[in-house]
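First up is the structure itself, then whatever we jot down about it.
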Amino acid sequence: MLTGVEILLERMKTNPEEFIEGGFSKWSRVIDAGWAVMTEDEREALQAGMNEAKRDHFNGEVMKVLAQGHDDGVTIDMGSVLTPEMMRRQTTQILSDEFDKAYARQDKKTMQTASKLKGMMRK
106 MLTGVEILLE RMKTNPEEFI EGGFSKWSRV IDAGWAVMTE DEREALQAGM
156 NEAKRDHFNG EVMKVLAQGH DDGVTIDMGS VLTPEMMRRQ TTQILSDEFD
206 KAYARQDKKT MQTASKLKGM MRK
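Residue numbers for the sequence shown follow this note's numbering, so the first one is 106 and each next one is one higher.
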């Protein structure tokens, strides 16, 4: 594997924000320039790494919104340390609460969405 690809894959783990800005990320010109000389396996590894960085960023953005609370008073208890397990439990609780509220008003679309998201949190 190209050393540059290995370096970028490690960088994605520590600085995912550098890879999430669509085609205009900090590294897009470097990646574009090297794409032609990469093997298919290197390209796939790089693409998988960028997708994971984007997924991690998305999860972080969801948690930021949840931490800010909603108009209905739903908030997350941040505590002194927020571990991934704590985030998972608190998010699952919020989704359960939202499902219950949607059920009470018979909002099937919200019930389905909350149920799907809750199922995803268990994985």
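Even glycine gets a Cβ: it sits at the ideal position worked out from N, Cα and C.
Any non-hydrogen atom of the ligand ZN closer than 8 angstroms to residue i Cβ
i	result
Glu-149	For the structure depicted, the ligand ZN is absent and the ligand set is empty, with no information on it obtainable.
Cα-Cα separation between residue i and residue j, rounded to whole angstroms
i	j	result
Thr-207	Thr-215	Checking the displayed sequence, the identity of residue 207 turns out to be Ala instead of Thr. Spanning the two alpha carbons is a distance of roughly 6 angstroms.
Gln-217	Gln-195	19 angstroms
Met-168	Val-135	31 angstroms
Arg-160	Asp-146	21 angstroms
Gly-165	Ala-158	11 angstroms
Thr-119	Asp-202	34 angstroms
Gln-198	Arg-148	39 angstroms
Phe-163	Lys-213	25 angstroms
Gln-211	Leu-222	18 angstroms
Under 9 angstroms between C-beta atoms of residue i and residue j
i	j	result
Arg-200	Ala-172	What sits at residue 200 in the sequence shown is Leu, not Arg. Against a cut-off of 9 angstroms, the Cβ pair of Ala-172 and Leu-200 comes out as no contact.
Met-143	Leu-114	no
Arg-116	Trp-140	no
Ala-150	Val-110	yes
Extent of the continuous alpha helix (DSSP H) to which residue i belongs
i	result
Ile-167	One point to set straight first is that residue 167 is Val, not Ile, in the sequence displayed. Looking at the DSSP string, the run of the alpha helix (DSSP H) that includes Val-167 is 145-173.
Met-117	108-119
Asp-137	133-140
The region 108-125 contacting the region 140-154, beta-carbon criterion three pairs below 8 angstroms = yes
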